[in-house]
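Going by my numbering, the first residue of the sequence shown is number 3, and it counts up by one from there.
Beta carbons: idealized from backbone N, C-alpha and C, even for Gly.
Quantities reported herein were computed from a predicted structural model and do not represent experimental measurements.
Structure first, then comments.
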Amino acid sequence: MEAPTRKEREMDNIIERMRINLEKAHVKGIPEYIKRLHDNRKSEKFEDFHLEGRAALMFSQAGFDVTLRESPDLALQFNNKQLYAEVTHFRKKEQDRLDDAKMRGLGDEDELVPYGNTYSLEGKHAWEQVYEVAIKKINQYKEHAPNMLVIESSSSCIEDTEIPSAIDMINEDVNSGKCPGLARLNGILLITVDEFNIPQWREVFPYYTCNPSVTLSKELKHLLDNIRLS
3 MEAPTRKERE MDNIIERMRI NLEKAHVKGI PEYIKRLHDN RKSEKFEDFH LEGRAALMFS
63 QAGFDVTLRE SPDLALQFNN KQLYAEVTHF RKKEQDRLDD AKMRGLGDED ELVPYGNTYS
123 LEGKHAWEQV YEVAIKKINQ YKEHAPNMLV IESSSSCIED TEIPSAIDMI NEDVNSGKCP
183 GLARLNGILL ITVDEFNIPQ WREVFPYYTC NPSVTLSKEL KHLLDNIRLS
């Protein structure tokens, strides 16, 4: 049997630290989640799964009882009130690399530079991409319960200025009856995770839909409004 490579040892250490942190936070569903991490440690999906654990720790720190699961990704409970969260990850984009190079090229010059325009390379605005993900995830939202879409963004293209436009589109689809499944969604919780990228001072931003089929309690909304990264 071949000895693990340095990269594999690093991944194993990351997984073990996550396991320890989740156990300390009394999160449920850890064995199945850790298996998913191990099974994907050589895949580009590893970071996506790893961020699910980070989201679980964040919700636990906010006061929720957290269970890691398959679909939706997280079951959250507070004072017998239930909430579900589906986690998705926007990875760093080619536009980020171009924007970062542009910023580095300025050196010490004090000049404002536009960034984050995905349309020229991808043919879609960032808010359109968020809206499309919300639709794509409809089958993951739990019926007869409140649901939040947690977007973890490693891209400066997907930031807080884009989410209100996506929320507006979701509201329009629900109100018009075009996409009734979106009524299961109570909102989007945006997390920016790349501390070395442009919006490094930002963390967590909650946004809410207007007419969800199940209303968030004031208690749950208060927790979401005050949530911070662990």
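- Using a Cβ-Cβ distance cut-off of 8 Å, the segment 76 to 90 and the segment 129 to 145 are in contact, since at least three pairs of beta carbons, one from each stretch, lie closer than that value.
- By the Cβ rule, the segment 179 to 194 counts as touching the segment 204 to 213, because three or more pairs are nearer than 8 Å.
- Judged by DSSP in its simplified three-state form, N188 adopts strand.
- P33 and D41 have their C-alpha atoms roughly 12 Å apart.
- Secondary structure note for S155: its beta strand (DSSP E) is the uninterrupted segment N149 to S155.
- Annotation for I193: E154 and V206 place their beta carbon closer than 6 Å to its own, counting only its chain and skipping 5 residues before and after.
- Burial state of G179 is exposed, judged by a 10 Å Cβ sphere holding fewer than 16 other Cβ atoms.
- Inclusion of E221 and N81 in the CB contact set at 8 Å is warranted, their separation being smaller than that value.
- In this structure, W129 sits near S167, with a CB-CB distance shorter than 8 Å.
- CA-CA distance, Q63 to N15, rounds to 22 Å.
- By the CB criterion at 8 Å, L59 and L24 fall inside the cutoff.
- In the DSSP assignment, E88 falls within the unbroken beta strand (DSSP E) covering K83 to F92.
- Separation of the CB atoms of L70 and K30 is rounded to 7 Å, and the pair is thereby assigned contact status at 8 Å.
- Contact between R56 and M13 fails: their C-beta atoms lie close to 16 Å from each other, not under 8 Å.
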